[in-house]
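Colleague: If you scroll down you'll find the structure; I have some questions about it.
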Amino acid sequence: MCSTYESLMNLLQKSLLALQADRLNINLENLLDECLQYLIDTKIILIKEEEKRSNNDSDEIIKIRIYETTKLGKATVEGKYINTFNIII
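Given below as structure tokens:
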């Protein structure tokens with residue numbers, strides 16, 4: 015769904031939490047940083063760097079951080095869906 019910091023922030027800014035952030039005294043950027051760090055520390059996601067040419071005519075190469083789900087992260091999500099499905103049945 016989202017694999018870069020920018021795409022994650024974009025998604026978060028479209029959420030109900032973003033609408034209530036001022037009233038709840040929440041800084042979305044700090045919250046996202048804390049969540050990503052937790053997911054990295056618990057080995058649910060990992061960071062990969064990719065190099066990409068910039069969109070303009072220069073030969074500039076940009077490094078992009080990509081967040082990728084680990085096997086543990088995938089198993090966690092799949093296990094949750096399986097358990098939820100079993101409860102519904």
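Numbering of the sequence shown is given in my numbering, commencing with residue 15 and proceeding in unit increments. Glycine included, every Cβ here is placed at the ideal spot set by N, Cα and C.
1. In three-state DSSP terms, what is I58?
2. Counting beta carbon pairs with one atom in the region 59 to 66 and one in the region 81 to 91, are three or more of them shorter than 8 Å?
3. For I78 versus E64, is the C-beta distance shorter than 8 Å?
4. Using the three-state DSSP reduction, which class does E64 fall into: helix, strand or coil?
5. Check for me: the beta strand (DSSP E) holding E74 runs from which residue to which?
Modeller: Quick look at the numbers:
1. coil
2. yes
3. yes
4. strand
5. That residue, E74, is in no beta strand (DSSP E); it is neither H nor E in DSSP.
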